[in-house]
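Scroll down for the structure; my scribbles are underneath it.
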Amino acid sequence: MPAIDKSALRASARAARSAMSPAERTEASARLVARLARVTELRRARTVLLYAASGQEADPVGVLPRLLDRGVRTLFPRVRDDHLDLVAASDLRTLRLGYRGIAEPVGAAVDPAVVDVAIVPGVAFDLRGGRLGQGGGHYDRLLALLPATTTRIGVCFACQVVPQVPREPHDAAVDLVVTDRITHRVARPG
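In case it helps, this note's numbering puts the sequence shown at residues 1 to 190.
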């Protein structure tokens, strides 16, 4: 099987996402949020890492009110040099534009060890838990710091699920892939 080029795969997945109209992305994000809300680990979580969607990314923040109603602590990432800090935020209006124009929280960093569920973006995912990010490695480094007990949920639009994401030793995997059309639990060996 020929090697899969990450750059070409990113371009293809971004093109598929770009082909969706803004209304389609909004509707698909709402369906994705409905699926997320049914994930058992998310329903049981006390601390959840979310992200504020940027550009044409799938937007999971519609789940925020449900989490806050249950008293869940919500964290958002903030870029610091070559890594991500996690900062508590419960109101999107408190986020400020930061790295590459992405909305980020302000405040003191929180220990990643407290995260029960991490909801992370990706340019593409496969159904074996492979995640292809933007290419900077920020989320790979963050996911490596989280406890093994943290459930890692990759979210994207269905058009961004691909047969195979190429993986290198530093690439972090996810436990579930949630899109506007599927909720897929990744089979783990053993």
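Even for Gly, the Cβ is constructed at its ideal location relative to N, Cα and C.
Note that the structure is predicted; figures quoted are calculated from it, not measured.
Using three-state DSSP, classify Asp140 as helix, strand or coil.
Taking the sequence shown and counting its residues from 1, the one referred to as residue 140 is at position 140. If DSSP states are grouped into helix, strand and coil, Asp140 belongs with the helices.
Environment of Glu27 [buried if 16+ CB atoms lie within 10 Å]
Reading the sequence shown from its first residue, position 27 is the one you call residue 27. When all chains shown are included, Glu27 counts as exposed.
DSSP has Gly154 in a bridge; who is on the other side?
In the sequence shown, the residue the question calls residue 154 occupies position 154. Gly154 pairs with Val120 and Val177.
To the nearest angstrom, how far is it from the Cα of Pro121 to the Cα of Glu41?
Here the question's residue 121 lines up with position 121 in the sequence shown. Here the question's residue 41 lines up with position 41 in the sequence shown. Each residue's Cα considered, the two are about 18 Å apart.
How far does the beta strand (DSSP E) with Val79 in it reach, from first residue to last?
In the sequence shown, the residue the question calls residue 79 occupies position 79. Run containing Val79: Arg73 to Arg80, per the beta strand (DSSP E) assignment.
Could you tell me if Met1 is buried or exposed, where buried requires 16 or more neighbouring beta carbons within 10 angstroms of its beta carbon?
Along the sequence shown, read from residue 1 onward, the residue named residue 1 stands at position 1. Because the pLDDT at Met1 is just 41, under 50, the model does not fix this residue reliably, and the value given afterwards should be weighed accordingly. Counting Cβ neighbours within 10 Å, Met1 comes out exposed, since fewer than 16 surround it.
Run of the beta strand (DSSP E) containing Asp85, from where it starts to where it stops:
Taking the sequence shown and counting its residues from 1, the one referred to as residue 85 is at position 85. Note, Asp85: beta strand (DSSP E), His83 to Ala88.
Can you pull the DSSP bridge partners for Val61?
For the purposes of this step, residue 61 is taken as the residue at position 61 of the sequence shown. DSSP output for Val61 lists no bridge partner at all.
With respect to 7 Å, is the separation between the Cβ of Leu146 and the closest non-hydrogen atom of the ligand MN below this value?
In terms of ligand content, the structure shown is empty, and the ligand MN therefore cannot be addressed.
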